[in-house]
Each structure stands twice: as C-alpha cells, then as structure tokens.
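Chemist: Residue numbers for the sequence shown, in our numbering: 1 to 159. Provided herewith is a single structure, encoded as structure tokens, for subsequent inquiry.
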Amino acid sequence: MTERRAILSGSTFEEQIGYARAVVDGDRVHVSGTTGFDYTTMTISDDVVEQAEQCLRNIGAALAEAGCTFADVVRVRYLLPDREDFEPCWPVLRRRFGDVRPAATMLVCGLADPRMRIEIEVSARRRAPLHGGAASDHSVAPVDIRSAAAGPPGGRVSG
1 MTERRAILSG STFEEQIGYA RAVVDGDRVH VSGTTGFDYT TMTISDDVVE
51 QAEQCLRNIG AALAEAGCTF ADVVRVRYLL PDREDFEPCW PVLRRRFGDV
101 RPAATMLVCG LADPRMRIEI EVSARRRAPL HGGAASDHSV APVDIRSAAA
151 GPPGGRVSG
C-alpha cells in the first residue's frame, strides 16, 4: 500500500481550516499554498520580498520533513493579489528554483488575509533510495523547446 502521510507546520490555519502543510503520497509530495507567516510567532512582514523568503523557509521545512529538498520540486505556483509585486520577488525565487527549473504558473488572485502579498505552492517527487541508501539523482538538463517547436531541419517529420 502506498504511504500517505500529513505534515503539519503548527500554523493555526491548518487547525482552523482543516488541512495539512504538506501531504506525502508515495513518491509525491504536495505542499499546500504557503504564505509568508512565521508560524512560530504567527507574524507576517509587510514587505513582499520578505514574505517570499519566509514562504520558501516554510516550504523548505515541509520538504525536509517529507525527505525532499528544493531540488526535488517539479511544479510551483505563485499566487499574488497584485501582479506588480511579482517581479521584485524574482531574485529570491531564482535562488531556490533557478537550477531546478520546475514547471511554474503565476496567478493574480485574492488571498485569505489582506496582509498576505504572496502565496507559493509546490509539488515535488521524492528520490528513491538506491542500494545502500543513497538517493538517486533526478537532475535533468534543461531542453530549449523553442527550436524543437519549429520541427526538424527541412520541415520533414519521419515516422
């Protein structure tokens, strides 16, 4: 039977609303939308970049509890009430995801609390241990699909 385990961060929202910070389901890890609250103090900065940094600290803790790192992230979603707040966060996001290159989406939408300026959700795939307990390497070289979309040279497709 596939392992299914909830990971709780201690956020009061998890108890009040009835969800987990993350769910491990076999080799998949689904981290709930995570805001910039510091869950130990239940405080949040007014600065969107500081909120993004705290989101990533919160997500990193959930991933670690699940046996993952940011290198295992395959999908990320950014939710912001104000699209103008996204670009200032890019350097922080690039530090975590620049080498990983997960699939990503940014949505402009309302968030649950007006103090929240960014929410980040990720999905990851846990590395399967090899013989001897070491984790396998999921790293894959990026492929630029812009040239692939044009088709093969000469426009011919065989097959």
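Just so it is clear, CB atoms sit at the ideal spot from N, CA and C, and this is done for glycine as well.
Taking DSSP as the reference, what is the three-state secondary structure of residue 136?
Modeler: Position 136 of the sequence shown holds residue 136. With a pLDDT of 41 at residue 136, under the threshold of 50, the modelled position of that residue is not reliable, and no figure is offered here.
Chemist: By the three-class DSSP mapping on this structure, what secondary structure does residue 93 have?
Modeler: As a first step, residue 93 is located in the sequence shown; it is residue number 93 there, counting from the start. DSSP places residue 93 in helix when its eight states are reduced to three.
Chemist: Exposed or buried, which one is residue 107 when buried takes at least 16 other CB atoms within 10 Å?
Modeler: Sequence index remark: in the sequence shown, residue 107 carries index 107 (1-based). Residue 107 comes out exposed.
Chemist: For a test of the three-state rule: what should DSSP assign to residue 115, helix, strand or coil?
Modeler: Taking the sequence shown and counting its residues from 1, one reaches residue 115 at position 115. In this structure, residue 115 counts as coil in the three-state DSSP scheme.
Chemist: How long is the line joining the alpha carbons of residue 71 and residue 114, rounded to whole angstroms?
Modeler: The residue labelled residue 71 in the question sits at position 71 within the sequence shown. The residue labelled residue 114 in the question sits at position 114 within the sequence shown. Their backbone Cα atoms lie some 31 Å apart in a straight line.
Chemist: Measuring CA to CA, which of 14, 38, 13 and 22 is closest to residue 52?
Modeler: In the sequence shown, the residue the question calls residue 52 occupies position 52. With distances taken between Cα atoms, residue 52 lies closest to 38.
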